[in-house]
Amino acid sequence: MYVRNLRKPSATKNVYKFASSKNRSVILCESSLERDCCYHLEYSKDVFSFQSQPEGFYYSSGNKRCPYTPDFLVRNQDGSEYYLEVKPLAKTFSEDFKRSFALKRIAAQHQGKPLVLVTDKQIRNGVYLENLNLIHRYSGLVDFSLSSTKIVEELSAAGRMCIRSLADNLKLSIGEVIAVVFRLIGLGRVNVPLDSAINEMSVISVN
Numbered sequence: 001m002y003v004r005n006l007r008k009p010s011a012t013k014n015v016y017k018f019a020s021s022k023n024r025s026v027i028l029c030e031s032s033l034e035r036d037c038c039y040h041l042e043y044s045k046d047v048f049s050f051q052s053q054p055e056g057f058y059y060s061s062g063n064k065r066c067p068y069t070p071d072f073l074v075r076n077q078d079g080s081e082y083y084l085e086v087k088p089l090a091k092t093f094s095e096d097f098k099r100s101f102a103l104k105r106i107a108a109q110h111q112g113k114p115l116v117l118v119t120d121k122q123i124r125n126g127v128y129l130e131n132l133n134l135i136h137r138y139s140g141l142v143d144f145s146l147s148s149t150k151i152v153e154e155l156s157a158a159g160r161m162c163i164r165s166l167a168d169n170l171k172l173s174i175g176e177v178i179a180v181v182f183r184l185i186g187l188g189r190v191n192v193p194l195d196s197a198i199n200e201m202s203v204i205s206v207n
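Using the UniProt record's numbering, the letters of the sequence shown map in sequence onto residues 1 to 207.
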């Protein structure tokens, strides 16, 4: 077992940073795709915590003992854990990759954790990732406490309501309500479908 250290300076490798409230730390990633994966992990209700470049392990390939470090170790709310390998889809079709990944999965099972492959097609899924970026941008940057309280109270009374109606009822601008909604989504206080663009007609409900 061994640990790779991305904090060690390197002239040949870029390091991408993701500020994670869920982990109360800055997550270091080797690629922009891994960083984009962090958005999904950060705002997944199933994920309790996640760690980049966790302690690695070895797998056997022929007569060789090969080192391997997963991209992430993910811990779910139910206590279960799994390793995550992040890869561009185009790089997963080669026979070499398929063979080595199968061997890595066997070795991961010996560690008591499954190894899951996720690709750019799943991570960079258009509007969903854009919404996660906006949620992250608004999380903790501005104090919306008064407006947040009013919006949650209004939604609690109504059950669900579109952003335009919230703005009209509370005499707030649509832009302010949208900003607060992104903040509240990040806090897990309200729900809104993330697979379409969030606008004045988006329907919001409380958790």
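A virtual CB, placed ideally from N, CA and C, is assigned to each residue, including glycine.
Taking the straight line between their C-alpha atoms, what separation do you get for residue i and residue j?
{"i": "P54", "j": "N169", "result": "49 angstroms"}
{"i": "N23", "j": "L89", "result": "28 angstroms"}
{"i": "A179", "j": "R124", "result": "23 angstroms"}
{"i": "N199", "j": "I163", "result": "7 angstroms"}
{"i": "Q122", "j": "L129", "result": "10 angstroms"}
{"i": "V21", "j": "Q77", "result": "According to the sequence provided, residue 21 is Ser. The question's Val does not apply to it. Rounded to whole angstroms, S21 to Q77 spans 16 angstroms at the Cα level."}
{"i": "V26", "j": "V118", "result": "22 angstroms"}
{"i": "N63", "j": "V86", "result": "27 angstroms"}
{"i": "A197", "j": "N131", "result": "7 angstroms"}
{"i": "L73", "j": "S44", "result": "14 angstroms"}
{"i": "G188", "j": "D96", "result": "42 angstroms"}
{"i": "R99", "j": "K113", "result": "19 angstroms"}
{"i": "A19", "j": "D36", "result": "12 angstroms"}
{"i": "S31", "j": "D120", "result": "11 angstroms"}
Let me know if residue i comes out buried or exposed under the rule of 16 or more other beta-carbons within 10 Å of its beta-carbon.
{"i": "K104", "result": "buried"}
{"i": "S94", "result": "exposed"}
{"i": "S52", "result": "buried"}
{"i": "N207", "result": "exposed"}
{"i": "D46", "result": "exposed"}
In chain order, what residues of the same chain lie with their CB nearer than 6 angstroms to the CB of residue i, ignoring the 5 residues before and after it?
{"i": "Y59", "result": "C66, Y68, L103, K104, A107"}
Taking 8 angstroms as the cut-off, decide whether the C-beta atoms of residue i and residue j are in contact.
{"i": "V116", "j": "L84", "result": "yes"}
{"i": "L166", "j": "E154", "result": "yes"}
{"i": "Y39", "j": "C29", "result": "no"}
{"i": "D71", "j": "E42", "result": "no"}
{"i": "V177", "j": "V192", "result": "no"}
{"i": "I204", "j": "I135", "result": "no"}
{"i": "R183", "j": "S139", "result": "yes"}
{"i": "F57", "j": "Q111", "result": "yes"}
Quick one: what's got a C-beta closer than 7 angstroms to residue i's C-beta in the same chain, skipping five residues either side?
{"i": "S49", "result": "K22, N23, R75"}
{"i": "I174", "result": "I163, R164, A167, E200"}
{"i": "D195", "result": "V127, Y128"}
{"i": "E81", "result": "L73, V74, R75, K113"}
Tell me whether residue i counts as near the ligand NAP, meaning its Cβ is closer than 7 angstroms to at least one heavy atom of that ligand.
{"i": "A179", "result": "With respect to small molecules bound, the structure shown includes none, and the ligand NAP cannot be examined in it."}
What are the start and end residues of each continuous alpha helix (DSSP H) run of 4 or more residues lying completely inside the segment 77-115, in chain order? 95-110
Residue ranges of each alpha helix (DSSP H) run of no fewer than 4 residues wholly in the segment 119-189, ordered along the chain? 120-123, 127-138, 145-158, 163-170, 174-186
Suppose only complete runs of 3+ residues qualify. What are the beta strand (DSSP E) ranges in the segment 1-77, listed by chain order? Segments of the beta strand (DSSP E) lying fully in the segment 1-77: 16-20, 25-29, 47-52, 57-61, 64-68, 72-76.
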